[in-house]
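Numbering (the working numbering), first residue to last: 9 to 146. No residue lacks a Cβ here, since even glycine has one placed at the ideal position from N, Cα and C. First comes the structure, then the notes that go with it.
Structure follows, in structure tokens:
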């Protein structure tokens, strides 16, 4: 069986429904993402969208209205379990997250025996309930 019969070449973007487009854009810009495209969708479609990029990783943040927004609000952990971002210095990233006033889910960076030398990580909760992990391979 052909492993890539669709011709996929990599990740295009990750879509994330958010509660507040402004709050989520500010959160991800604080991490280091930059807005590459924003749009108020034409009347009748009931959503707004922003694409943000960090080192080739593109997030599509979109704010829905009406019943779709109510469904998002009902979810405790957003619409993904977590997305992990590489960092070269976990201690520096941890202090930056605390200084930003974000909800850090671990009291300090944790270690796991993943990959050759292990990893250290911590997780924050984003403004729409999603979890964002900061991860340093050792």
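Of the residues 59, 107, 115, 144, which one's Cα is nearest the Cα of residue 30?
59
Close beta carbons around residue 94, own chain, < 7 angstroms, minus the five adjacent residues each side
143
For residue 112 and residue 74, I'd like the C-alpha separation in whole angstroms.
30 angstroms
Tell me which residue opens and which closes the alpha helix (DSSP H) that residue 33 is part of.
29-39
Closest by C-alpha distance to residue 122, when choosing among 109, 107, 145, 55:
145
Output needed for residue 108: all residues of its chain with C-beta closer than 8 angstroms, excluding positions within five of it in sequence on either side, in chain order.
38
Tell me, to the nearest whole angstrom, how far the beta carbon of residue 106 is from that of residue 117; I am working on the premise that it is less than 8 angstroms.
Going by Cβ atoms, the distance from residue 106 to residue 117 rounds to 11 angstroms, so no, they are not a contact pair.
Grab me the residues of residue 141's own chain with a C-beta within less than 6 angstroms of its C-beta, minus the 5 sequence neighbours each way, in chain order.
90, 92, 129, 131
Classify residue 105 as helix, strand or coil using the three-state DSSP reduction.
helix
Taking the continuous beta strand (DSSP E) assigned at residue 69, which residues delimit it?
65-72
For residue 23, which three-state DSSP category applies?
strand
Quick one, which of 66, 125, 72 has its alpha-carbon nearest residue 28's?
72
Given this structure, state the Cα-to-Cα distance separating residue 48 from residue 12, to the nearest angstrom.
35 angstroms
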